[in-house]
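Notes to accompany the following structure.
2 protein chains.
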Amino acid sequence: MRILALDIGGSFIKYGFFEGKKLKHIGKIKTKKRREEFKDQIKGIIKGFKFDALSLAIPYPYDAKRDLWSPPNFPFRNFKLKNFLKQLGKFKIFIQNDANLAALAEAKARGIANLVLLTLGTGLGSGVIINSKLYIGNSYASEIGHSIIVKNGLTCSCGNKGCAEAYISVRALQRYYGKEISIEKLASLARKRDKKAKKAFEIFADYLAILLSNIANIFNPELIVLSGGLTHFGDLFLKQAVKKFGSMAFKQTRCKIEISKLSDLAGVYGALFYALEH
Amino acid sequence: MRILALDIGGSFIKYGFFEGKKLKHIGKIKTKKRREEFKDQIKGIIKGFKFDALSLAIPYPYDAKRDLWSPPNFPFRNFKLKNFLKQLGKFKIFIQNDANLAALAEAKARGIANLVLLTLGTGLGSGVIINSKLYIGNSYASEIGHSIIVKNGLTCSCGNKGCAEAYISVRALQRYYGKEISIEKLASLARKRDKKAKKAFEIFADYLAILLSNIANIFNPELIVLSGGLTHFGDLFLKQAVKKFGSMAFKQTRCKIEISKLSDLAGVYGALFYALEH
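Chains A and B, in that order, give the protein sequences. Following our numbering, the numbering of the first sequence begins with 1 at its first residue and continues without gaps. Following our numbering, the numbering of the second sequence begins with 1001 at its first residue and continues without gaps.
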């Protein structure tokens, strides 16, 4: 089977063309944000290959029932994604959450049966692999980032109060620092031992430790994988978070914590594995 | 296969003798708390039947590797449970957490593939069923009661701060009321519209709603089942908890919340199903 796997992110579209599991071509282009330009971009990529299945890793929310896609960080809402893709040729179409697919890819690449993945970035995504399969509940994917860790806490992007995402994300780091600043800048300051910047990453690490401990006590997976843009600055928070995690999670846990191995390509490989399994 | 299924609780030992799935005999006796008396009790039950497998639902912690059982609400610690049972005859032995087995029983009885069960009592136990199977992580069972919902919150029985169990349990209710009081008495006061007693159940409901919402967002199961002694007083907190849950969990969730159907017999049936599947 020939599969074209696309990972559609707010900044880049990455794509891989596979024959079976064999990678034949890989590409990466900047994501166009306007609806028509974006559609042309996708068309352009698809025209370049002959394939049996198209598999997409996308940021949610996507309403599969009504085929309505409202990606964050894009100016368009309620885009009929599957309907649009169907018009481009005769192939099977798979659409799945990018964090879920990243989790699937990490589990396959490492040969691990039970794994939880967190994407640390603008938001806080998650994917759960149980018995080597992507876990999807009743209707939508696992949203660990929207579990409440602070009762009556800060208002989250989802409208609730005290969700993990409100404390473990780029926006949270900026809040801890006290003003809007690029994460690259904030990290650079922290590495130069700026007190306020260091403190911001320390607070971040404390909250991350709580979430890691909750995941260990709830799922007790073999491994928690951290991925996403913020892992590039792992030197500023990971050691502290893992140490605090160790003091909080049940002693019997043998759950390890590691940074993503596939990083940039997790979405593409996840989309591949997802298509192969369905 | 003939199976003797025992549910060992702090107050009662319940047991069922099955041929296949067919219940042939059921019994219930008060649990003796002293180690030797307790051992005699178990011996007494076992002698009454001829069976191929003995399956036990027990309160944790149980260290399966080293065969050390340290049940809460019992005065003995580090009891070599499996070793003791082995000496009583030639049969297969299964030992599993009571909340886990209650979850398994509810899932089987209802024909539901993805389900989370909470036991509301002295502590806050949990069991998770995924794809019709009991989910056990890396080494121990799912411990949702020890996920943190209040950063730097109250100290929990496990030593951590802010665990759900510290806010959603008999002890928590007593704390909200302000003094030690039996739950029966507290419930009776609340039903007579005593303000302080009513308030205690309201606070309880608020925290329960947070945990239910977290479970829905993390697992999004078809159903969350509430079991345990406190469900007898569900009229005092369930309606409020479910309403708040509805306003907090993702709108797309179709996760329902119900009281246990098997109640008293969930442990026994869970032990049966567990033995049949292994």
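Where is the CB? At the ideal position from N, CA and C, for every residue including glycine.
**OP:** Note the first and the last residue of the continuous beta strand (DSSP E) segment covering Gly1016 of chain B.
**Re:** The residue you call residue 1016 of chain B lines up with position 16 of the second sequence. Note, Gly1016 of chain B: beta strand (DSSP E), Phe1012 to Glu1019.
Original post:
Is the shortest distance between the beta-carbon of Lys1185 of chain B and the beta-carbons of chain A less than 8 Å?
Top reply: One-based indexing of the second sequence puts residue 1185 of chain B at position 185. It does not: the Cβ of Lys1185 of chain B has no partner Cβ on chain A nearer than 8 Å.
Original post:
What is the rounded straight-line gap between the Cα of Arg1066 of chain B and the Cα of Lys1080 of chain B?
Top reply: Indexing the second sequence from 1 puts residue 1066 of chain B at position 66. Indexing the second sequence from 1 puts residue 1080 of chain B at position 80. Approximately 8 Å, taken between the alpha carbons.
Subject >> Cβ neighbour criterion (16 or more within 10 Å) applied to Lys326 of chain A >> reply: Outside the shown range of chain A (1 to 278) lies residue 326 of chain A, about which nothing can therefore be said.
Subject >> Per DSSP, cross-strand counterpart(s) of Phe1079 of chain B >> reply: Residue 1079 of chain B sits at position 79 when you count from the first residue of the second sequence. Answer is B:Trp1069.
Original post:
Ser260 of chain A to Val116 of chain A, Cα distance in whole Å?
Top reply: Taking the first sequence and counting its residues from 1, one reaches residue 260 of chain A at position 260. Taking the first sequence and counting its residues from 1, one reaches residue 116 of chain A at position 116. Roughly 11 Å between the two C-alpha positions.
Original post:
How big is the Cα-Cα spacing for Lys1161 of chain B and Tyr1167 of chain B?
Top reply: In the second sequence, counting from the first residue as 1, residue 1161 of chain B sits at position 161. In the second sequence, counting from the first residue as 1, residue 1167 of chain B sits at position 167. Taking the straight line joining both Cα atoms gives about 11 Å.
Original post:
Between the C-alpha atoms of His1025 of chain B and Gly1121 of chain B, what's the straight-line distance to the nearest angstrom?
Top reply: In the second sequence, the residue the question calls residue 1025 of chain B occupies position 25. In the second sequence, the residue the question calls residue 1121 of chain B occupies position 121. So the two alpha carbons sit approximately 27 Å from each other.
Original post:
Just curious, the beta strand (DSSP E) that Glu1258 of chain B is in, first and last residue?
Top reply: For the purposes of this step, residue 1258 of chain B is taken as the residue at position 258 of the second sequence. Taken as a continuous stretch (DSSP letters only), the beta strand (DSSP E) holding Glu1258 of chain B covers Lys1256 to Ile1259.
**OP:** Please report how far the alpha carbon of Leu189 of chain A lies from the alpha carbon of Ala197 of chain A, in whole angstroms.
**Re:** Locating residue 189 of chain A in the first sequence gives position 189, counting from the first residue. Locating residue 197 of chain A in the first sequence gives position 197, counting from the first residue. Answer to the nearest angstrom: the Cα atoms are 6 Å apart.
Original post:
With burial defined as no fewer than 16 other Cβ atoms inside 10 Å of the residue's Cβ, what is the status of Met1248 of chain B: buried or exposed?
Top reply: Within the second sequence, the letter at position 248 stands for residue 1248 of chain B. Buried, because 16 or more other Cβ atoms sit within 10 Å of the Cβ of Met1248 of chain B.
Original post:
Are the beta-carbon atoms belonging to Phe1273 of chain B and Leu1088 of chain B less than 8 Å from one another?
Top reply: Numbered from 1 along the second sequence, position 273 holds the residue referred to as residue 1273 of chain B. Numbered from 1 along the second sequence, position 88 holds the residue referred to as residue 1088 of chain B. Not in contact: Phe1273 of chain B and Leu1088 of chain B (Cβ atoms no closer than 8 Å).
Original post:
Which residues of chain B have a Cβ atom closer than 8 Å to the Cβ of His278 of chain A, listed in chain order?
Top reply: The count along the first sequence starts at 1 and reaches residue 278 of chain A at position 278. Chain B residues near His278 of chain A: none, gap ~16 Å exceeds 8 Å.
Subject >> Secondary structure, beta strand (DSSP E): runs of 3+ residues fully inside the segment 1026-1064 of chain B >> reply: 1053-1058
**OP:** Grab the span of the alpha helix (DSSP H) containing Ala1209 of chain B for me, first residue to last.
**Re:** Taking the first residue of the second sequence as 1, we reach residue 1209 of chain B at position 209. Segment Lys1195 to Phe1219, the alpha helix (DSSP H) holding Ala1209 of chain B.
Subject >> N-terminal and C-terminal residue of the alpha helix (DSSP H) that Asn97 of chain A is part of >> reply: Residue 97 of chain A sits at position 97 when you count from the first residue of the first sequence. Element bounds for Asn97 of chain A: not the alpha helix (DSSP H) but the beta strand (DSSP E), Lys92 to Asn97.
Subject >> Contact list for Tyr274 of chain A against chain B, beta-carbon separation under 7 Å >> reply: Counting from 1 along the first sequence, the entry for residue 274 of chain A is found at position 274. Here the premise fails: no neighbours, minimum Cβ distance about 17 Å.
Original post:
Would you say Gly137 of chain A reaches chain B, if we count a Cβ-Cβ gap shorter than 8 Å as a contact?
Top reply: Mapped onto the first sequence, residue 137 of chain A falls at position 137. Judged by the 8 Å Cβ criterion, Gly137 of chain A is in contact with chain B.
Original post:
DSSP three-state call for Ile1136 of chain B: helix, strand or coil?
Top reply: Walking along the second sequence from the start, residue 1136 of chain B turns up at place 136. Taken through DSSP and simplified to helix, strand or coil, Ile1136 of chain B comes out as strand.
Subject >> Status (buried if at least 16 other CB within 10 Å, exposed otherwise) for Glu36 of chain A >> reply: Residue 36 of chain A sits at position 36 when you count from the first residue of the first sequence. By the 10 Å Cβ count, Glu36 of chain A comes out exposed.
Subject >> Residue-chain proximity (Thr1155 of chain B, chain A), Cβ-Cβ < 8 Å >> reply: Here residue 1155 of chain B corresponds to residue number 155 of the second sequence, with the count starting at 1. No - not a single Cβ of chain A is within 8 Å of the one on Thr1155 of chain B.
Original post:
In chain A, which residues lie less than 7 Å from Arg1254 of chain B when you measure between Cβ atoms?
Top reply: Looking up residue 1254 of chain B in the second sequence gives position 254. Near Arg1254 of chain B (Cβ distances below 7 Å), the residues of chain A are Asn138 and Ser139.
**OP:** Return the residue from the list B:Phe1038, B:Asn1097, B:Ile1093 and B:Phe1204 that minimises the CA-CA distance to Asp1235 of chain B.
**Re:** For the purposes of this step, residue 1235 of chain B is taken as residue 235 along the second sequence, with counting starting at 1. A check of alpha carbon separations from Asp1235 of chain B across B:Phe1038, B:Asn1097, B:Ile1093 and B:Phe1204 identifies B:Phe1204 as the nearest.
**OP:** Name, please, each residue of chain A whose Cβ falls closer than 9 Å to the Cβ of Glu1222 of chain B.
**Re:** The residue given as residue 1222 of chain B occupies position 222 in the second sequence. Ordered by position in chain A, the residues that pass the 9 Å Cβ test against Glu1222 of chain B are Gly137 and Asn138.
**OP:** For chain B, find out if any of its Cβ atoms is closer than 8 Å to the Cβ of Phe245 of chain A; answer yes or no.
**Re:** Residue 245 of chain A sits at position 245 when you count from the first residue of the first sequence. It does not: the Cβ of Phe245 of chain A has no partner Cβ on chain B nearer than 8 Å.
Original post:
Using 8 Å as the limit for Cβ to Cβ distance, is Phe1204 of chain B near chain A?
Top reply: In the second sequence, residue 1204 of chain B corresponds to position 204, counting from 1. Chain A, which has no Cβ nearer than 8 Å to the Cβ of Phe1204 of chain B, makes this no.
Original post:
In three-state DSSP terms, what is Ala1005 of chain B?
Top reply: Sequence index remark: in the second sequence, residue 1005 of chain B carries index 5 (1-based). Correct three-state label for Ala1005 of chain B: strand.
Subject >> Start and end residues, alpha helix (DSSP H) containing Leu1325 of chain B >> reply: For residue 1325 of chain B there is no data in the structure shown, the boundaries of chain B being 1001 and 1278.
**OP:** Report yes or no: is there a C-beta of chain B within less than 8 Å of the C-beta of Ser213 of chain A?
**Re:** For this step, residue 213 of chain A is matched to residue 213 along the first sequence. Yes, Ser213 of chain A counts as interfacial toward chain B.
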